[in-house]
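Novice: Sequential numbering from 106 applies to the sequence shown in my numbering.
Heads up, the beta-carbon is just placed ideally off N, CA and C, and yes, glycines get one too.
The structure displayed is predicted, hence computed values, not measured ones.
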Amino acid sequence: MKICVVGLGYIGLPTASMFADHGHDVVGVDKNPAVIKALNEGKIIIEENHLDELVRRVVEKGSLRGSSVPEAADVFIISVPTPITEDKRSDMAYVVSATESILPYLKKGNLVILESTSPVGTVDTLMVPILEKSGLKIGDELFVGHSPERVIPGQILNELVNNDRIAGGINDASARKITELYKTFVKGNIYETDSRTAELCKLSENTFRDINIAFANELAKICENLGINVWEVIELCNKHPRVNIHQPGPGVGGHCIAVDPWFIVEKQPDTANIIHLCRDTNDSMPGYVTGRIDQILKDVENPKVAILGVTYKPNVDDMRESPIIKLEALLRAQGIEVAAYDPFVKGKAGITNDICEAARDSDLLLLGVHHDQFKELDFEALGKIMRHKNFFDTRNFADRARAEAAGFEYHLLGKN
Ligand SMILES: NC(=O)c1ccc[n+]([C@@H]2O[C@H](COP(=O)([O-])OP(=O)(O)OC[C@H]3O[C@@H](n4cnc5c(N)ncnc54)[C@H](O)[C@@H]3O)[C@@H](O)[C@H]2O)c1
106 MKICVVGLGY IGLPTASMFA DHGHDVVGVD KNPAVIKALN EGKIIIEENH
156 LDELVRRVVE KGSLRGSSVP EAADVFIISV PTPITEDKRS DMAYVVSATE
206 SILPYLKKGN LVILESTSPV GTVDTLMVPI LEKSGLKIGD ELFVGHSPER
256 VIPGQILNEL VNNDRIAGGI NDASARKITE LYKTFVKGNI YETDSRTAEL
306 CKLSENTFRD INIAFANELA KICENLGINV WEVIELCNKH PRVNIHQPGP
356 GVGGHCIAVD PWFIVEKQPD TANIIHLCRD TNDSMPGYVT GRIDQILKDV
406 ENPKVAILGV TYKPNVDDMR ESPIIKLEAL LRAQGIEVAA YDPFVKGKAG
456 ITNDICEAAR DSDLLLLGVH HDQFKELDFE ALGKIMRHKN FFDTRNFADR
506 ARAEAAGFEY HLLGKN
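1) Exposed or buried, His345, counting other C-beta atoms within 10 Å across all chains shown (16 or more means buried)?
2) Just the Cα atoms here: how many angstroms apart are Ile275 and Pro234?
3) By the DSSP assignment, the beta strand (DSSP E) with Arg465 in it spans what residues?
4) How close, in whole Å, do the beta carbons of Ser221 and Val185 come, if the pair is a contact with beta carbons under 8 Å?
5) Does the separation of the CB atoms of Ser239 and Phe368 fall below 9 Å?
6) Have a look at the DSSP bridge pairing and note the partners of Asn495.
7) Can you tell which of Leu211, Pro224, Thr190 has the C-alpha that lies nearest to the C-alpha of Thr312?
8) Let me check understanding here. Comparing Cα to Cα, which of Leu472, Glu509, Phe181, Glu153 lies closest to Glu485?
9) Taking the alpha carbon of Ile283 as the reference point, which residue from Val217, Val335, Ile333 has its own alpha carbon closest?
10) Use the C-beta contact count for Asp365: other C-beta atoms within 10 angstroms, 16 or more gives buried, fewer gives exposed.
11) Should His155 be labelled buried (16 or more other beta-carbon atoms within 10 Å of its own) or exposed?
12) Among His129, Lys136, Ser168, His127, which one has its Cα closest to the Cα of Gly147?
13) Helix, strand or coil, according to DSSP, for Leu118 in the structure here?
14) Answer yes or no: the CB of Cys109 versus the heavy atoms of ligand 1, is any distance below 8 Å?
15) Using only the alpha-carbon positions, how far apart do Gly273 and Val228 sit?
16) Measuring alpha carbon to alpha carbon, tell me which residue in Ala319, Tyr115, Arg425 is nearest Leu262.
17) If you draw a straight line from the alpha carbon of Val164 to that of Gly244, how long is it in whole angstroms?
18) Just to confirm my understanding: we take Phe496, look at its own chain, exclude 5 residues before and 5 after, and list those with CB closer than 6 Å. What are they?
19) Pull the bridge partners of Tyr296 from the DSSP assignment, please.
20) Would you mind giving the Cβ-Cβ distance between Gly473 and Glu426, rounded to the nearest angstrom? I have them listed as a contact below 8 Å.
21) By DSSP, does Ile257 sit in helix, in strand, or in coil?
22) At a cut-off of 8 Å, is Asn145 close to ligand 1 when judged by its beta-carbon and the heavy atoms of the ligand?
23) Quick check on Val164: does DSSP put it in helix, strand or coil?
24) Comparing C-alpha positions only, which one of Val338, Ser389, Gly396, Ile316 sits nearest to Ile362?
25) May I ask you to report which of helix, strand or coil DSSP gives Leu402?
26) Opposite Ala411 in the DSSP bridges: which residues?
27) For Val203, is the beta carbon positioned less than 8 Å from some heavy atom of ligand 1?
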């Protein structure tokens, strides 16, 4: 089968490569010339475990190649970005332009699959009216649907194969065709449904996690007021066989959990009350942490804070929607000097890879992200170059005993 994948990012490129590795003839389309140039040389410009080896193999074999424009195929897969705007509404411009770009190449019997995470109704009310311009009868001559992704960066190739997935069709025949296609390499179960259900499932999965984290963050605030340690509360609660409370922290980042709930709120603003409140709760955390820092540093003149870790999750260089960036801006807005250190983020202005440079003459070290290496902080050495030895752990991660042994005053989010 010939497959045309439009959008070769973290989702599109692994998907295209996987199909190419399982007997299909795949053309990958991207509007970024650097992506296409690299692909046609058998290389990649994103970081994902083992993807470079797979891409090299399928490009050398001739089953995957890159192109700046789509071409005729049996199947079209759209995996372009779906970001949110400043006012928390979905920006569907990429999906619209990608759908329009395949229009001239569509023919009878084709299947079009949206993989981008999208608000409910994207397939049937946004894409279908565009696809109808092909003159093909939707659901009869042209099959359309949504099959969302559940992969986690770092494990994408493994999870593409082993996760269960949803095949949401505009009609039963479309769902069936999506299932048949993905069965090529998916070992997990594939569940068929309609496209609107599939859209809401994807959004609900990430919203479930956002709500759980918001609960943990609210518990952290409650525990601070009551003088109880939230981390101990959550650990003990989770000994219950049917309880799994997530972890609190300085906020929620990334391009999924911090974004997808807004797609539900956008469509149902008067009904999605819990979802909206939880988004606001998680978005309040950088401000809440700033308040704690103000308390810790209230007697310090011209304070300097050194932030350890600016990414949205540990052990990666991804800063998208990172709450630490928001925290940094809030501190600066109060006139607090801020230095940011992150061992994973290279070549970014304002972020050093030298922890001593960040910590020198600072009054507080703030642990923002639990990168593994922060378990091994050299508190003795850091304490010697700081003005005041304060440590604020927003992740309950650092070695408190060693910090205190080195003379640090240790502060913890979720415990006053
Ligand atoms: N990355 C993840 O872990 C993940 C997980 C689940 C779902 N998703 C969803 O998958 C979708 C894609 O995410 P991603 O992380 O792969 O994005 P990405 O930014 O890594 O890649 C998107 C690619 O699409 C290209 N592009 C944009 N418009 C185009 C067009 N009109 N024609 C051709 N190429 C175009 C861009 O140049 C880019 O290379 C999003 O909706 C995202 O929410 C991502």
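Specialist: In brief:
1) exposed
2) 13 Å
3) Here Arg465 belongs to no beta strand (DSSP E), and DSSP marks it neither H nor E.
4) 6 Å
5) no
6) Asn495 pairs with Glu514.
7) Pro224
8) Glu509
9) Val217
10) buried
11) exposed
12) Ser168
13) helix
14) No, ligand 1 has no heavy atom inside 8 Å of this Cβ.
15) 10 Å
16) When each option's Cα is compared against that of Leu262, the closest is Tyr115.
17) 33 Å
18) Leu470, Ala508, Phe513, Tyr515
19) Ile271
20) The pair is not a contact, with the Cβ atoms about 14 Å apart (cut-off 8 Å).
21) coil
22) no
23) helix
24) Ile316
25) Leu402 falls in the coil class under three-state DSSP.
26) DSSP output for Ala411 lists Ala444, Leu470 as bridge partner(s).
27) The question names Val, but residue 203 is Ala in the sequence shown. Ala203: yes, Cβ under 8 Å from ligand 1.
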